[in-house]
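Structure record follows, encoded as structure tokens.
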Amino acid sequence: MKKIVLALLVLITAQQAWAQHAQMETLFSPKTAGEKKGVSVGGYGTAVGKLTPLNGKLGVLTGLQGGVLLNHKWMLGAGGYGLVNRIDAPRPNVANDNDQSLQMWYTGLMTEYTHNPQKLIHWSVGALVGGGGVGRDNWHDRWHDDDDNDRDHGWHDGSGFFVAEPFAGVEMNITRFLRLNLSGSYRFIHGSGTPGISDSDLSGATFSLGIKAGCF
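According to mature numbering (1 follows the signal peptide of the UniProt record, and there is no 0), the residues represented by the sequence shown are -19 to -1, 1 to 197, in order.
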């Protein structure tokens, strides 16, 4: 009987010692009840599609964004997007028969705050600040010239600009590693210098659909 009691005491002592060691907190350890809060680190990437007015037409932009996620709520990262559909561009003082389309891209650093991310549906807010470029792409169809349907490309009157884009959205947790995001934003453009295209032509409200994947 004494041997059984002694064995139980040894087992309990070993278990308590292991539990104390397992609950020891480091800077990047998970939070444990009754202990000081640590800093959890994750990260995610988002594939994004955007609908937005550009030069009076509906533009479609696609891109990627993502970064490091702190405490399941604060993301610090970057994003970049580019125009993918054809939008006719104005051609001031250009005397040729070539069609020209608007080209635009922008990128920047971004931050995002997510409220109650453990809830099935929750909201987030953030902003991107950076820069980009705009110009006109020259398309000349040689179909009627030499039976070759290739097109000549040429970048005209390119210029850079500053961009700031605050946004807010709602999210739904699909799985522990996947989220669906719907958001709205407003893109402020300043400093573009392409003739015939103003900052107001490039600025505007945006509706975005994104798929987030990562460690939340």
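We treat Cβ as the ideally placed atom computed from N, Cα and C, and that holds for glycine.
{"Check": "Within 8 Å, strictly: CB atoms of L83 and L64", "Outcome": "yes"}
{"Check": "Cβ-Cβ distance between I192 and T43 below 8 Å", "Outcome": "no"}
{"Check": "Boundaries (first-last residue) of the alpha helix (DSSP H) holding S181", "Outcome": "180 to 183"}
{"Check": "Backbone CA spacing between G37 and S140 [nearest angstrom]", "Outcome": "19 Å"}
{"Check": "Alpha-carbon spacing of T175 relative to A108, whole angstroms", "Outcome": "26 Å"}
{"Check": "G165 in three-state terms, based on DSSP", "Outcome": "strand"}
{"Check": "Three-way DSSP call (helix, strand, coil) for H171 in this model", "Outcome": "strand"}
{"Check": "Alpha carbon of G172 to alpha carbon of D180, nearest angstrom", "Outcome": "7 Å"}
{"Check": "For N66, three-class secondary structure by DSSP", "Outcome": "coil"}
{"Check": "Beta-carbon contacts of R160 that lie in its chain and below 6 Å, excluding the five residues immediately before and after", "Outcome": "E152, N154, K193"}
{"Check": "Contacting residues, own chain, Cβ-Cβ under 6 Å from P147 (five flanking each side not counted)", "Outcome": "A108"}
{"Check": "Local conformation of F197 per DSSP, three classes", "Outcome": "coil"}
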